[in-house]
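Q: This is the structure, below, for whatever I ask next.
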Amino acid sequence: MLDLSHCTGITDVSPLSVLSSLRMLDLSHCTGITDVSPLSVLSSLRMLDLSHCTGITDVSPLSELSSLRTLDLSHCTGITDVSPLSKLSSLRTLDLSHCTAITDVSPLSKLSSLRMLDLSHCTGITDVSPLSKLSSLRTLDLSHCTGITDVSPLSELSSLRTLDLSHCTGITDVSPLSELSSLRTLDLSHCTGITDVSPLSKLSSLHELDLSHCTGITDVSLLYRFFGLDKLGLSHCTGITDVSPLSKLSGLRTLDLSHCTGITDVSPLSKLGGLCELDLSHCTGITDVSPLSKLSSLRKLDLSHCTGITDVSPLSVLSSLRTLDLSHCRGITDVSPLSTLSGLEVLDLSGCTGVRSGLESLCSLSFLRYLSFLGVSFDINLFSPVSYF
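Going by my numbering, the first residue of the sequence shown is number 515, and it counts up by one from there.
As structure tokens, then:
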């Protein structure tokens, strides 16, 4: 292994050509390098990192590296032609993220052994049909590829387990993704063109789904079919008003509904007995948190900026709770019910300007290591044992 990363003074790599046994070489951020032809003789090389080498424009010499397993060319903005990479038949991992000058990915179709491909922020890509031939692909990142409108070619990637299409604002139809039966993680966050997620209901193996900032989504009724879902992100989906379909997601461990201002009733969430983390911050329509008292496994709860909440007594039975954020819940006046949360380690009450009673009872929280109540009137002598801000 030879690490020369960030050695910006290097311009000539020809001396490295004698290192015939070298297996791993890191030249990332060596911005002075323009010619990589001397590296073509390193036949034993398995891993090569040339990320952020902005002076490189020609990667044809790399085509001789037949043993290469991992290649990182991310942020090499001078690269326009990736056709030489088609000869790297042993390649397992390829990172071309932020290579904004790349428009044609057809040469990559010959990389039959590829397991991981990162093309994120390659804004010049519009056609992903060549990727359909990468049958061994497990992880594909196309996030921020704003030129992509058609994802139907991806339906052929039967081995795909992780797919990131976040910030692909040109995508409107996700039905082709319904064929990806092996998919475990799917990120469609910030895909504002998506309005219908019903085709995704066929993805029975999905464990993580992120639909945050998909403001066009109003109906989540078919999400109930995701029995194996562990993590669901719906933050900033302001069109959602009914969360009752989520009540059947019995395996859910993490749920983010922050900034879903259309939600007023959280009673369906009471059935999510296995939930460990719940984010309802900025859900200003919520006034009653009593249904949350059923979430006995909850360890982290964020209700910050839920200005409609006045009564926190239902939270007093959440014995597993370790982190509670009630910051800027100005309607809360009494925090004494929180004194029963014996395992609480982090409590944020900053901006809770309405609090008038119960602060002294928090002294009984022996495991509390962080307490914030900026903007709340209090007697400083009450809290000498804990860290407060």
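Backbone N, C-alpha and C define an ideal beta-carbon position, used for all residues, glycine too.
The structure presented is a predicted model; accordingly, all values stated were derived computationally and were not measured.
If I measure Cβ to Cβ from Thr847 and keep anything under 8 Å in the same chain, skipping five residues before and after, which residues do I get?
A: Thr824, Gly868, Val869, Arg870, Ser871
Q: With respect to the beta strand (DSSP E) encompassing Gly747, which residues constitute its N-terminal and C-terminal limits?
A: 745-747
Q: In the DSSP assignment, find the unbroken beta strand (DSSP E) run with Tyr884 in it and report its ends.
A: 884-886
Q: Got a sec, what are the start and stop residues for the beta strand (DSSP E) Leu559 sits in?
A: Per DSSP, Leu559 belongs to no beta strand (DSSP E) and is neither H nor E.
Q: In the DSSP assignment, find the beta strand (DSSP E) that holds Leu608 and state where it starts and stops.
A: Looking at the DSSP string, the run of the beta strand (DSSP E) that includes Leu608 is 607-609.
Q: Given a threshold of 16 other Cβ atoms within 10 Å of its Cβ, counted over all protein chains shown, does Val532 qualify as buried or as exposed?
A: exposed
Q: Just checking my contact of Ser680 with Ser696 at CB under 8 Å: how many whole Å lie between their CB atoms?
A: About 20 Å; that fails the 8 Å criterion.
Q: Rounding to the nearest angstrom, what Cα-Cα distance links Leu602 and Leu587 in this structure?
A: Spanning the two alpha carbons is a distance of roughly 14 Å.
Q: What are the uninterrupted segments assigned as alpha helix (DSSP H) that are 4 or more residues long and contained completely in the segment 607-641, given in chain order?
A: Listed in chain order, nothing qualifies, since the segment 607-641 has no complete alpha helix (DSSP H) run of 4 or more residues.
Q: So, is Cys741 buried or exposed, given that buried needs 16 or more other C-beta atoms within 10 angstroms?
A: Contrary to the premise, residue 741 reads as Phe rather than Cys in this sequence. When all chains shown are included, Phe741 counts as exposed.
Q: Please determine, among Ile708, Ser692, Leu771, Pro782, the residue with the shortest C-alpha to C-alpha distance to Glu791.
A: Leu771
Q: Could you check what DSSP says for Ser871 in three-state terms: helix, strand or coil?
A: DSSP places Ser871 in strand when its eight states are reduced to three.
Q: Could you give the distance in angstroms between the alpha-carbon of Cys877 and the alpha-carbon of Ser703?
A: 41 Å
Q: By how many angstroms is the C-alpha of Glu693 removed from the C-alpha of Val900?
A: Because the pLDDT of Val900 is 49, which lies under 50, any placement of that residue in the model is unreliable, and the number read from its coordinates should be weighed accordingly. The straight-line gap from Cα to Cα measures roughly 53 Å.
Q: For Leu786, is the classification buried or exposed, using 16 other Cβ atoms within 10 angstroms of its Cβ as the cut-off for buried?
A: buried
Q: Along the chain, where does the beta strand (DSSP E) containing Leu536 start, and where does it finish?
A: Here Leu536 belongs to no beta strand (DSSP E), and DSSP marks it neither H nor E.
Q: Looking at the structure shown, is Val831 part of a helix, part of a strand, or coil, going by DSSP?
A: helix
Q: What does the Cβ neighbour count give for Ser841, buried or exposed, with the cut at 16 atoms within 10 Å?
A: buried
Q: Looking at the structure shown, is Leu736 part of a helix, part of a strand, or coil, going by DSSP?
A: helix
Q: If you follow the beta strand (DSSP E) that Asp862 is in, where does it begin and where does it stop?
A: 860-862
Q: Whose C-beta lies closer than 6 Å to the C-beta of Leu556 among residues of the same chain, with five residues either side of it excluded?
A: Leu536
Q: Does DSSP put Leu516 in a helix, in a strand, or in coil?
A: Per DSSP, reduced to three states, the secondary structure at Leu516 is strand.
Q: So which of Thr640, Pro828, Ser672 has the shortest CA-CA distance to Leu619?
A: Checking the sequence shown, residue 619 turns out to be Val, not Leu. Nearest C-alpha to Val619: Thr640.
Q: Taking Phe881 as the reference, which of Leu628, Ser834, Leu559 has the closest Cα?
A: Ser834
Q: Could you say which of Thr752, Asp517, Gly765 lies nearest to Thr778 if we only look at CA atoms?
A: Residue Thr752 holds the alpha-carbon nearest to the alpha-carbon of Thr778 among Thr752, Asp517, Gly765.
Q: How about Ser875 and Ser850: do their beta carbons lie closer than 8 Å?
A: yes
Q: Hey, Arg629 and Ser646: beta-carbon distance below 8 Å or not?
A: No, they are not a contact pair.
Q: Helix, strand or coil for Thr699, going by three-state DSSP, please let me know.
A: strand
Q: So the candidates are Cys728, Ser715, Leu723; which of them puts its Cα closest to the Cα of Tyr738?
A: Ser715
Q: Identify, in the order they occur along the chain, each residue of the same chain with its Cβ nearer than 6 Å to the Cβ of Asp526, setting aside the five sequence neighbours on each side.
A: none
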